[in-house]
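The sequence shown runs 1097 to 1412 under the working numbering. Glycine included, C-beta positions come from ideal geometry on N, C-alpha and C.
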Amino acid sequence: MNKKEILINLKRFEVNRELGGVCDGTHPGEWLKQTIQRIAEAGLGCADQFNLSIFVSDVMLPFALEQYASLDADTKTNFAIGSQSCHFDDVSPGGNFGAFTSHNIASTQATLGAASCLIGHCEERMGLRKVIGLFADEIQAENHLHDKAANKVASSVLGDKISCALKQDMKIVLCVGETAEQQGPGSFEDQQPRIKSVIATQLKEGLSKAASKLSLENLVIAYEPVWAIGPGKTPPDQEYIEFIASFIKEQVKDTIGFAPKVVYGGGLKRENAAMLAGVEALDGGLIALTNFTPPIGFQVDELCRILESYTSQAPK
């Protein structure tokens, strides 16, 4: 059986609702520990159908790993804790001794116990592109050449982050995907060459530097249709996702020699679980919010319902 990959990105869901967040708890660390405990008690960390990885921010990593360490071994056989990206440089013997104020370095994450690293999430890419965009007036931001250059530079920086995480023996989840502007006008057939160009750049720049260290065991690609993410947005259909997931596998195979697992990063939820389970080229999904109507948030009960809907439809 092809075991699926279920990725949970807890973003910054630990912030209390009174402060503008989506957390019902009062203490961020306690909320996270309780969430991980409930996930384990629900049997999601030892399911036969999928591997489960939870990604948290650096400040929350110690809480997550403390609770993870306390779990019974038989409840976490297919369960791991990961970090939300890392810096593009790191300490090294005879090199930098730790002069990385404000940066989250892979060596610390791995030493604490993070098993994997989520790199290139669309929110991270947007942050990198914002910095690049500060100089956009010099090169005309509306010009399509600016978008191509920004995509290439941001993806190259993410490639350096991948190299740092791999040096610490962390598994990699690389997120790729196109914005509405990159997708462009016209029919899906019209858009395909533009989409392929954007994603091909993200994959090549992100993976080429570390190609010799990547394998089926330590790489997953998450496809994020950035244009379709958010309340009120229309998600891509099965044909669209099948095309992109297949292209990603072909492109990675051409770049580094093997076709990786590809998961849908636009949000696995109950409403699309059956459809996504029917996409042959997909190997799982990424979940962030579970509840999209007020009060929005992340709830373990709804997570269980999502995964039940997905696994009951997935090919055995």
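Environment of residue i [buried if 16+ CB atoms lie within 10 Å]
i: H1217; result: buried
i: A1210; result: buried
i: T1386; result: buried
i: M1222; result: exposed
i: E1301; result: buried
i: F1109; result: buried
i: G1178; result: buried
i: E1197; result: The question names Glu, but residue 1197 is Thr in the sequence shown. Answer is exposed; the Cβ neighbour count stays below 16.
i: F1354; result: exposed
i: A1276; result: exposed
i: N1192; result: exposed
i: Q1409; result: exposed
i: T1122; result: exposed
i: V1227; result: exposed
i: D1379; result: buried
i: A1245; result: exposed
i: K1329; result: exposed
i: L1115; result: exposed
i: G1190; result: exposed
i: P1124; result: buried
i: P1390; result: exposed
Coil, strand or helix - residue i by DSSP
i: E1313; result: coil
i: Q1163; result: helix
i: I1352; result: helix
i: I1201; result: coil
i: K1267; result: strand
i: I1295; result: helix
i: S1188; result: coil
i: I1132; result: helix
i: V1375; result: coil
i: I1325; result: coil
i: P1149; result: Correcting the residue identity first, residue 1149 is Ser in this sequence and not Pro. Strand, per DSSP.
i: G1282; result: coil
i: A1318; result: strand
i: L1364; result: coil
i: G1255; result: helix
i: I1392; result: coil
i: L1106; result: coil
Beta-carbon spacing of residue i, residue j below 8 Å
i: F1159; j: Q1180; result: no
i: E1338; j: A1296; result: no
i: G1361; j: E1320; result: yes
i: N1200; j: I1268; result: no
i: A1143; j: N1174; result: yes
i: V1253; j: E1274; result: no
i: Y1388; j: P1327; result: Reading off the sequence, residue 1388 comes out as Phe, not Tyr. A contact, by the Cβ cut-off of 8 Å.
i: A1384; j: K1107; result: yes
i: S1203; j: D1186; result: yes
i: A1206; j: D1256; result: no
i: D1336; j: L1372; result: Correcting the residue type first, residue 1336 is Tyr in the shown sequence and not Asp. It is not a contact, given that the beta carbons lie outside the stated cut-off.
i: I1258; j: A1306; result: yes
i: F1394; j: V1155; result: no
i: Q1145; j: K1100; result: yes
i: L1161; j: L1208; result: yes
i: V1358; j: T1131; result: no
i: C1213; j: A1250; result: no
i: L1303; j: L1312; result: no
i: L1270; j: I1352; result: no
i: K1172; j: G1141; result: yes
i: G1363; j: I1325; result: yes
Nearest-angstrom beta carbon gap, residue j and residue i [assumed within contact, 8 Å]
i: L1382; j: N1105; result: 6 Å
i: I1135; j: L1403; result: Not quite, the Cβ-Cβ distance comes to about 10 Å (not below 8 Å), so this is no contact.
i: V1375; j: A1341; result: 6 Å
i: Q1298; j: N1247; result: 7 Å
i: Q1278; j: D1243; result: 7 Å
Test: residue i CB closer than 8 Å to a CB of chain D
i: T1389; result: The displayed structure is made up of one protein chain only, and chain D is not part of it.
Span of the beta strand (DSSP E) around residue i
i: N1421; result: Shown here, the chain extends from 1097 to 1412; a query on residue 1421 therefore has no answer.
i: K1357; result: 1357-1360
i: I1215; result: 1212-1215
i: S1405; result: Premise fails: S1405 lies in the alpha helix (DSSP H), 1396-1409, not in any beta strand (DSSP E).
i: G1116; result: Careful: G1116 lies outside any beta strand (DSSP E) and carries neither H nor E.
i: S1179; result: 1175-1180
i: I1383; result: 1380-1383
Closer than 7 Å: residue i CB and nearest the ligand SAM heavy atom
i: I1150; result: In terms of ligand content, the structure shown is empty, and the ligand SAM therefore cannot be addressed.
Start and end residues, alpha helix (DSSP H) containing residue i
i: C1142; result: No alpha helix (DSSP H) holds C1142; DSSP gives it neither H nor E.
i: G1229; result: 1218-1229
i: E1277; result: 1276-1279
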